[in-house]
Amino acid sequence: RKEVEQDPGPFNVPEGATVAFNCTYSNSASQSFFWYRQDCRKEPKLLMSVYSSGNEDGRFTAQLNRASQYISLLIRDSKLSDSATYLCVVNTGKAAGNKLTFGGGTRVLVKP
Amino acid sequence: DGGITQSPKYLFRKEGQNVTLSCEQNLNHDAMYWYRQDPGQGLRLIYYSQIVNDFQKGDIAEGYSVSREKKESFPLTVTSAQKNPTAFYLCASSTPRGGEPSNTGELFFGEGSRLTVL
């Protein structure tokens with residue numbers, strides 16, 4: 041089983057719709073979680089950190105479910121500019137060398 | 004402006020040649036990382052360094068080497084032992100969150116280096 045897994049998609053989303061997708065992680069000792077956005081042939085950029093209580097940043101909402109070991113990202117009122125690959129990143133904890141492990145990414149295509 | 008600079012952006016090499024990718028940061032970050040990304044895939048960790056003069060292997064270190072003689076610099080050498088070196092290489096740095104070295108925060112990436120081995 042991969043340490044961090046994502047549905048590769050693509051998720052085809054009509055403009056204005058809501059889309060949500062998850063990321064599962066295998067190491068229960070994982071301490072911190074992030075969502076990054078990567079545009080085609082560019083470097084990833086931090087979208088948001090994921091806090092235990094869940095957090096929201098404008099149209100984006102991130103949730104953490106420790107019991108089931110997954111995080112989620114929800115995008116409301118999708119814009120064409122939201123088309124990108126969304127990478128889930130997990131800090132696997134001190135015992136595992138404090139590595140940041142990336143999921144394979146979920147591709148989102150927002151269409152008019 | 005502060006940031007991470009990778010060079011070269013594009014590099015072509017013949018099979019069997021060693022190649023060194025440069026990564027320099029002026030963000031005063033302690034931790035630096037090298038990732039490899041293949042088409043349609045996520046990032047895989049090659050090497051990382053939490054502090055000067057120390058580094059650890061990531062998940063796919065075979066065929067690669069690094070050094071961390073200065074805080075600002077973390078060069079990656081792709082050796083001839085690396086079986087499939089053609090890829091997009093990304094360097095990143097981060098600063099500990101809350102002052103604790105064990106708790107990395109946001110990763111700042113360079114623009115990447117695309118290596119093609121002919």
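Line by line, the protein sequences are chains A and B.
In terms of the numbering used here, the first sequence has 45 at position 5, counting the first letter as 1, and numbering is strictly consecutive.
In terms of the numbering used here, the second sequence has 72 at position 69, counting the first letter as 1, and numbering is strictly consecutive.
No residue lacks a Cβ here, since even glycine has one placed at the ideal position from N, Cα and C.
Quantities reported herein were computed from a predicted structural model and do not represent experimental measurements.
If we call anything under 8 Å between Cβ atoms a contact, is residue i one with residue j?
i: Y67 (chain B); j: I49 (chain B); result: yes
i: I7 (chain B); j: G115 (chain B); result: no
i: K119 (chain A); j: N52 (chain A); result: no
i: A3 (chain A); j: S112 (chain A); result: The requested residue 3 (chain A) does not occur in the structure, where chain A is confined to residues 41 to 152.
i: Y126 (chain A); j: N62 (chain A); result: no
i: I61 (chain B); j: K42 (chain A); result: A small correction: the amino acid at residue 61 (chain B) is Gly; Ile does not occupy that position in the sequence shown. No. Outside cutoff.
i: A95 (chain B); j: Y13 (chain B); result: no
i: T82 (chain B); j: F15 (chain B); result: no
i: S97 (chain B); j: F111 (chain B); result: yes
Whose C-beta lies closer than 7 Å to the C-beta of residue i among residues of the same chain, with five residues either side of it excluded?
i: Q40 (chain B); result: L46, A90, F91, L93
i: D79 (chain A); result: A124
i: T64 (chain A); result: E45, Q109, Y110
Identify whether residue i lies in helix, strand or coil by the three-state DSSP scheme.
i: D97 (chain A); result: strand
i: D79 (chain A); result: coil
i: D47 (chain A); result: coil
i: D117 (chain A); result: coil
i: P104 (chain B); result: Residue placement at P104 (chain B) is poorly supported in this model, since its pLDDT is 40, which falls under 50; the coordinates still yield a value, given next. Residue state, collapsed to three classes: coil.
i: D122 (chain A); result: helix
i: F91 (chain B); result: strand
i: E109 (chain B); result: strand
Among the options, which has the Cα closest to the Cα of residue i?
i: S66 (chain A); options: A:L104, A:S92, A:R99, A:V44; result: A:V44
i: L104 (chain A); options: A:W75, A:R116, A:G144; result: A:W75
i: A64 (chain B); options: B:A84, B:S76, B:P11, B:S97; result: B:A84
i: D122 (chain A); options: A:G98, A:S108, A:T141; result: A:G98
i: K86 (chain B); options: B:Q9, B:S10, B:S70, B:K17; result: B:K17
i: L114 (chain A); options: A:V90, A:G144, A:T132, A:Q71; result: A:V90
i: K74 (chain B); options: B:Q44, B:Q28, B:G19; result: B:Q28
Tell me which residues share the same chain as residue i and place their Cβ nearer than 6 Å to its Cβ, disregarding the 5 neighbours each side in the sequence.
i: K82 (chain A); result: none
i: N95 (chain A); result: A102
i: L149 (chain A); result: P50, N52, S123
i: R116 (chain A); result: T58, R99
Which same chain residues, not among the five before or five after residue i, have their C-beta less than 8 Å away from its C-beta?
i: L122 (chain B); result: Here chain B has residues from 4 to 121 only, and residue 122 (chain B) is not among them.
Practice item. Return the residues of the region 60–84 of chain A that lie within a Cβ-Cβ distance of less than 9 Å from chain B, sorted by chain order. Key: Q71, S72, F74, Y76, Q78, R81, K82, E83, P84
Check your understanding: According to a CB-to-CB cut-off of less than 8 Å, which residues of the region 95–124 of chain A neighbour chain B?
Key -> none
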